[in-house]
Amino acid sequence: MINFRNLIYFICLLFVHNIVSQNSFGSPNFIFILADDQGWNGTSVEMISGLSESKSDFYETPNIEKLAYQGIKFSYAYSSAPVCAPSRYSIQFGQSPARLKMIRVGMNTEHIDHNSDYTIPKQLKKINPNYKTAHFGKWGMDSYPKILGYDISDGATKNKDGGFDYDSNKLQWSNKFNEDPKKIFSITNRAIKFIEENHKAETPFYLQISHYAIHSNLVMRKETFEKYKKKKVGEVHKNIGLASMTEDLDASIGLILDKLIELGIDNNTYVIYSSDNGSVPVILPKKNYKKGYNYPLKRGKWDAYEGGIRVPFIVKGPNIKPNSQSEVPISFSDLLPTLIHLAGGKENFINEKIDGGSFKKVLFDKSDNIKRKFNGIVFHVPYQNKIAIDRAHSAIIIDEMKLIKFYDNNETGLYNIKIDIKENENLVLKRKKIAQKLEKKLFNYLAKVNAPKWKPGITWKKKTLELINSYH
Numbered sequence: 001m002i003n004f005r006n007l008i009y010f011i012c013l014l015f016v017h018n019i020v021s022q023n024s025f026g027s028p029n030f031i032f033i034l035a036d037d038q039g040w041n042g043t044s045v046e047m048i049s050g051l052s053e054s055k056s057d058f059y060e061t062p063n064i065e066k067l068a069y070q071g072i073k074f075s076y077a078y079s080s081a082p083v084c085a086p087s088r089y090s091i092q093f094g095q096s097p098a099r100l101k102m103i104r105v106g107m108n109t110e111h112i113d114h115n116s117d118y119t120i121p122k123q124l125k126k127i128n129p130n131y132k133t134a135h136f137g138k139w140g141m142d143s144y145p146k147i148l149g150y151d152i153s154d155g156a157t158k159n160k161d162g163g164f165d166y167d168s169n170k171l172q173w174s175n176k177f178n179e180d181p182k183k184i185f186s187i188t189n190r191a192i193k194f195i196e197e198n199h200k201a202e203t204p205f206y207l208q209i210s211h212y213a214i215h216s217n218l219v220m221r222k223e224t225f226e227k228y229k230k231k232k233v234g235e236v237h238k239n240i241g242l243a244s245m246t247e248d249l250d251a252s253i254g255l256i257l258d259k260l261i262e263l264g265i266d267n268n269t270y271v272i273y274s275s276d277n278g279s280v281p282v283i284l285p286k287k288n289y290k291k292g293y294n295y296p297l298k299r300g301k302w303d304a305y306e307g308g309i310r311v312p313f314i315v316k317g318p319n320i321k322p323n324s325q326s327e328v329p330i331s332f333s334d335l336l337p338t339l340i341h342l343a344g345g346k347e348n349f350i351n352e353k354i355d356g357g358s359f360k361k362v363l364f365d366k367s368d369n370i371k372r373k374f375n376g377i378v379f380h381v382p383y384q385n386k387i388a389i390d391r392a393h394s395a396i397i398i399d400e401m402k403l404i405k406f407y408d409n410n411e412t413g414l415y416n417i418k419i420d421i422k423e424n425e426n427l428v429l430k431r432k433k434i435a436q437k438l439e440k441k442l443f444n445y446l447a448k449v450n451a452p453k454w455k456p457g458i459t460w461k462k463k464t465l466e467l468i469n470s471y472h
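Listed below in structure tokens is the structure:
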């Protein structure tokens with residue numbers, strides 16, 4: 001005979017357990033994997049379906065292909081700057097480098113409020129205090145991850161912690177073998193341990209894995225190098241060392257994806273993959289080239305032409321249509337509001353200093369529009385760089401139109417980046433009104449945020465903001 005009292009008690013226990021489990025796992029997990037110096041065409045994923053030039057003609061990245069097949073790829077995704085530090089700041093704070101007044105590597109950042117509540121980990125914890133947050137790999141910022149709200153991290157790491165040789169350009173581009181190239185696999189192992197611990201504790205998490213790869217120096221596993229030695233090089237991508245390191249990085253992504261499936265949490269975890277800026281346009285010290293490493297995009301790292309700022313960007317996760325593609329322009333400053341929205345926060349989360357907007361509805365194919373406080377994506381490079389185009393410039397993208405403005409001679413470029421991916425046809429004379437409109441928007445924005453302003457001969461590094469010529 002059934003003991004109904006015991007049966008009811010058992011059902012209640014199941015109900016309570018389900019509620020507890022629901023609360024623990026109701027918030028999604030996030031894993032953001034950030035490569036270093038990987039160009040838009042630096043994987044074997046066609047970033048524009050049907051355009052063979054939008055993927056590598058040499059590198060093989062089967063796990064990134066798998067990620068794209070399971071999720072959505074953004075054909076017009078942009079780092080916030082053509083160099084690493086400003087982009088990394090923009091990711092964490094949801095602000096443009098112009099607003100942050102952090103526009104190049106090595107710049108003094110005393111003026112930035114690193115204790116701000118408006119960072120990814122702090123905002124996720126406001127939505128759900130149970131969120132655990134971690135950052136492994138290259139930090140590349142002046143402050144410490146803990147100050148921004150990360151529970152666990154490798155500390156304030158920089159390129160040198162990944163084996164970068166600042167003093168020798170020759171050594172940077174010489175191949176070196178290591179079973180843990182650029183710490184790819186040790187970083188991944190720490191990330192997997194963090195995932196396992198939070199799965200066991202039934203706590204949601206945000207995990208950022210910022211790899212030192214594929215930034216120079218060139219380090220790779222010997223067996224991967226031997227594979228590419230036997231493979232015919234491409235017309236665009238020819239460097240065996242870069243190809244090998246790229247595939248080693250891809251292997252680590254496979255380990256993360258496999259672990260999520262093994263633990264049964266892949267259906268409640270968003271995985272985001274991108275790069276901090278575009279690839280170097282050419283292996284230095286070479287400067288003259290017809291097809292750089294970002295081809296068909298123009299130029300590369302250090303410049304606000306497409307090769308320096310357009311990056312691979314792929315997202316998989318709950319409710320995202322597999323094997324989909326979006327042409328909506330997005331920027332790194334959009335990450336903070338998007339993560340907040342996905343975690344259960346408001347879509348119109350807008351602090352007066354947040355430049356980004358949520359692209360959650362774009363992920364779910366419910367909108368082709370992002371609500372930002374300022375309608376446009378701004379890039380600010382107000383300094384000269386001898387290893388790049390060596391001209392101070394700024395740029396703005398609104399929909400399919402892009403304007404780039406040079407300060408030395410007032411030159412203006414206007415391009416339809418949906419049609420003219422190579423930025424070959426300057427439309428400034430044909431579309432004068434559009435050029436004037438975009439230029440006005442660009443300079444109004446720079447003035448409003450009091451962005452650092454170019455001045456001939458200015459030296460930026462380590463100067464306090466008061467000594468920098470700014471918009472007033």
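Numbering (my numbering), first residue to last: 1 to 472. All C-beta atoms in this analysis are idealised placements derived from N, C-alpha and C, irrespective of residue type, glycine included. It should be emphasised that the depicted structure is a prediction, and the values quoted were computed from it without experimental measurement.
Per-residue burial, residue 381 [other beta carbons within 10 Å of its own, 16 or more giving buried]: buried
Burial state of residue 464, where buried means 16 or more other Cβ atoms lie within 10 Å: Answer is exposed; the Cβ neighbour count stays below 16.
Nearest residue (CA-CA) to residue 271, options 221, 195, 303, 225: The candidate whose alpha carbon is nearest that of residue 271 is 195.
Closest Cα partner of residue 156 within the set 173, 162, 138, 171: Closest by C-alpha distance to residue 156, out of 173, 162, 138, 171, is 138.
Pairwise C-alpha distance: residue 366 and residue 417: 24 Å
Residue 504 in three-state terms, based on DSSP: Any question about residue 504 goes unanswered here, given that the chain covers just 1 to 472.
Bridge partners - residue 412, DSSP secondary structure assignment: 405
Residue 310 - DSSP class collapsed to helix/strand/coil: In the structure shown, residue 310 sits in a strand (DSSP, three-state: E or B).
Residue 455 classed as buried or exposed, judged by whether at least 16 other C-beta atoms fall within 10 angstroms: exposed
Endpoints, the beta strand (DSSP E) within which residue 393 is located: Run containing residue 393: 393–398, per the beta strand (DSSP E) assignment.
Residue 45 to residue 66 span [Cα, whole Å]: 9 Å
Sequence ranges, alpha helix (DSSP H) only - wholly within the segment 186–238, length at least 4: Counting only runs that start and end inside the segment 186–238, the alpha helix (DSSP H) elements of at least 4 residues fall at 222–229.
Helix, strand or coil at residue 380 [DSSP, three-state]: strand
Assigned secondary structure, residue 85 (DSSP; H/G/I helix, E/B strand, else coil): helix
Sub-8 Å separation of residue 474 and residue 281 beta-carbons: No answer is possible for residue 474: it lies beyond the span of the chain, which begins at 1 and ends at 472.
Rounded distance between the beta-carbons of residue 199 and residue 263, thought under 8 Å: 5 Å
Whole-angstrom distance between residue 116 and residue 452, CA atom to CA atom: 21 Å
Residue 267 in three-state terms, based on DSSP: helix
Any C-beta of chain C under 8 Å from that of residue 316: Absent from the structure: chain C. Only one protein chain is present.
DSSP three-state assignment for residue 343, whether helix, strand or coil: coil
Coil, strand or helix - residue 474 by DSSP: No answer is possible for residue 474: the residues shown for the chain start at 1 and end at 472.
DSSP state of residue 325 mapped onto helix, strand, coil: strand
Reduced DSSP secondary structure (H/G/I, E/B, other) of residue 21: In this predicted model, residue 21 has a pLDDT of only 36, less than 50, meaning its place in the structure is not dependable; the value taken from the coordinates is given anyway. In this structure, residue 21 counts as helix in the three-state DSSP scheme.
Between the CA atoms of residue 342 and residue 425 - distance to the nearest angstrom: 39 Å
Residue from 273, 28, 191, 97 whose Cα sits closest to the Cα of residue 109: Among 273, 28, 191, 97, the Cα nearest to that of residue 109 belongs to 97.
6 Å Cβ shell around residue 358 - same chain, five flanking residues per side excluded: 337, 338, 341, 347
At least three beta-carbon pairs within less than 8 Å, the segment 288–307 to the segment 25–35: no
Residue 166 to residue 140 span [Cα, whole Å]: 15 Å
Rounded separation between residue 351 and residue 95 - CA only: 10 Å
Outcome for residue 316 when other beta-carbon atoms lying within 10 angstroms are tallied against a minimum of 16: Result: buried.
Segment contact, 8 Å Cβ cut-off, at least three pairs: the segment 367–386 with the segment 439–452: yes
Proximity of residue 119 and residue 92 at Cβ, strictly below 8 Å: yes
DSSP state of residue 452 mapped onto helix, strand, coil: strand
Neighbourhood of residue 255 by C-beta distance below 6 Å, restricted to the same chain and skipping five residues each side: 188
Close-in-space but distant-in-sequence residues of the same chain around residue 184 (CB under 7 Å, 5 per side omitted): 211, 213, 248, 249, 252
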